[in-house]
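K.L.:
Just passing along the structure, written as C-alpha cells.
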Amino acid sequence: WAAAQKAIDRALELDPGHRAARRLEAAILARAGQLDEARQALEVWLAVTDDDPRVDTRLRASAQLDLAHLYLLAGKESKARELLLALGSAPSDEIRRLCLLAAVDQALERPADALEDARSAQRADPHALMPLVQEALLLQHDFHDSDAAVVAWRKVLAATKGNPGLSALVQSLRARVVLERAEAPAP
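This is the structure in C-alpha cells:
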C-alpha cells in the first residue's frame with residue numbers, strides 16, 4: 372500500500388481538488404490500516420461532493436457505508452447507526468447497509484434490533500450468506516438459544532453448498548464446527 376499511497380500523494384500534490392483521487396486516498400488509507408485517517412478523508416470527500424452533480428449518488432452512498440463501517444471500527448456505534456438510518460433503503464447496497472446496521476445494533480447491545488436487521492437483509496436477498504451468519508451468531512451468543520442457533524447454522528451450511536468462494540468455505544467450516552459441537556454427546 373505504500374507505493375499506492377505515494378502515487379495518490381503525488382496526484383493530490385498536482386491537483387489537490389481531484390475528487391476521484393481523494394476517494395481513492397480514503398480506500399488506500401483504510402486498506403493500510405490507517406482507519407482514523409481514512410475516516411477523516413471520507414468525511415472530507417463526502418463534504419466536498421455533497422452537491423456535486425458529477426458524482427454518482429450510488430458512489431456517495433457506497434462511501435457513506437464505508438464511513439459507517441469505519442465509525443463502527445472506531446467504537447463510534449451511535450454515529451454509525453445514525454448514518455445508516457439516514458441513508459435509508461438504497462437498493463444497490465441494501466444488503467450491505469442492513470448487515471452493517473445489524474453489526475452496529477449488536478455493538479450497541481440491541482440484539483433484538485440486530486436480529487431484525489439481519490432478517491431484513493435475508494428477506495432482501497435470500498441467497499446472501501452474511502445475514503444468515505449474523506442471525507446464527509446472534510441466536511448463539513446474544514440470545515443463548517442453542518436450538519434456534521443450530522437451525523440457523525444449518526441454513527448457513529446449506530447456503531454454502533456449491534459456493535466456491537473463500538468466505539463460503541470459512542463460514543461452512545464454522546457452521547460444521549458449531550453443529551458438531553452441538554450434536555456431540557455430553558461427556
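Terminal number for the sequence shown in this note's numbering: 558, no gaps in between.
C-beta atoms are modelled at their ideal positions from N, C-alpha and C, and glycine is treated no differently.
Owing to the predicted nature of the structure, the values given are computational and were not obtained by experimental measurement.
Along the chain, which unbroken stretches of the alpha helix (DSSP H) at least 4 residues long are found entirely within the segment 408-456?
P.N.:
Every alpha helix (DSSP H) stretch that sits fully inside the segment 408-456 and reaches 4 residues is listed by chain position as 428-444.
K.L.:
Taking contact to mean at least 3 C-beta pairs separated by less than 8 Å, is the segment 410-418 in contact with the segment 452-459?
P.N.:
no
K.L.:
What's the C-alpha gap between Ala328 and Arg468?
P.N.:
This structure gives no information on residue 328, because the portion of the chain shown stretches from 372 to 558.
K.L.:
What are the start and end residues of the alpha helix (DSSP H) that includes Pro502?
P.N.:
Locating residue 502 in the sequence shown gives position 131, where the first residue counts as 1. Looking at the DSSP string, the run of the alpha helix (DSSP H) that includes Pro502 is Leu500 to Leu508.
K.L.:
Suppose you measure from the CA of Ala382 to the CA of Arg552; what does that come to, to the nearest Å?
P.N.:
For the purposes of this step, residue 382 is identified with residue 11 of the sequence shown, where counting begins at 1. For the purposes of this step, residue 552 is identified with residue 181 of the sequence shown, where counting begins at 1. Each residue's Cα considered, the two are about 54 Å apart.
K.L.:
What does the Cβ neighbour count give for Glu384, buried or exposed, with the cut at 16 atoms within 10 Å?
P.N.:
Taking the sequence shown and counting its residues from 1, one reaches residue 384 at position 13. With fewer than 16 Cβ atoms within 10 Å of its Cβ, Glu384 is classed as exposed.
K.L.:
For Asp476, is the classification buried or exposed, using 16 other Cβ atoms within 10 angstroms of its Cβ as the cut-off for buried?
P.N.:
On the sequence shown, position 105 is the one that residue 476 refers to. Counting Cβ neighbours within 10 Å, Asp476 comes out buried, since at least 16 surround it.
K.L.:
Assuming Leu406 contacts Ala432 under a Cβ cut-off of 8 Å, what Cβ separation, rounded to an integer in Å, is found between them?
P.N.:
Taking the first residue of the sequence shown as 1, we reach residue 406 at position 35. Taking the first residue of the sequence shown as 1, we reach residue 432 at position 61. That belief does not hold up - the Cβ atoms of Leu406 and Ala432 are roughly 20 Å apart, past 8 Å.
K.L.:
Please report the distance separating the alpha-carbon of Ala401 from that of Thr428.
P.N.:
What you label residue 401 is simply residue 30 of the sequence shown in a count that begins at 1. What you label residue 428 is simply residue 57 of the sequence shown in a count that begins at 1. Those two C-alpha atoms are separated by around 21 Å.
K.L.:
For Ala495, I'd like the list of residues in its chain whose CB is within less than 7 Å of its CB, leaving aside the five on either flank, ordered along the chain.
P.N.:
As a first step, residue 495 must be located in the sequence shown, where it is residue number 124. If we look at Ala495 and ignore the five residues flanking it on each side, its Cβ neighbours are Glu465, Ile466 and Leu469.
K.L.:
Does DSSP put Glu555 in a helix, in a strand, or in coil?
P.N.:
To locate residue 555, count along the sequence shown from 1; it is residue 184. Note on identity: in this sequence residue 555 is Ala, with Glu being the wrong assignment. It is coil, neither helix nor strand.
K.L.:
Is the number of C-beta pairs between the segment 530-547 and the segment 511-520 that are closer than 8 Å three or more?
P.N.:
No contact exists between the segment 530-547 and the segment 511-520.
K.L.:
What is the DSSP secondary structure of Ser538, counted as helix, strand or coil?
P.N.:
Taking the sequence shown and counting its residues from 1, one reaches residue 538 at position 167. Ser538: helix per DSSP, three-state reduction.
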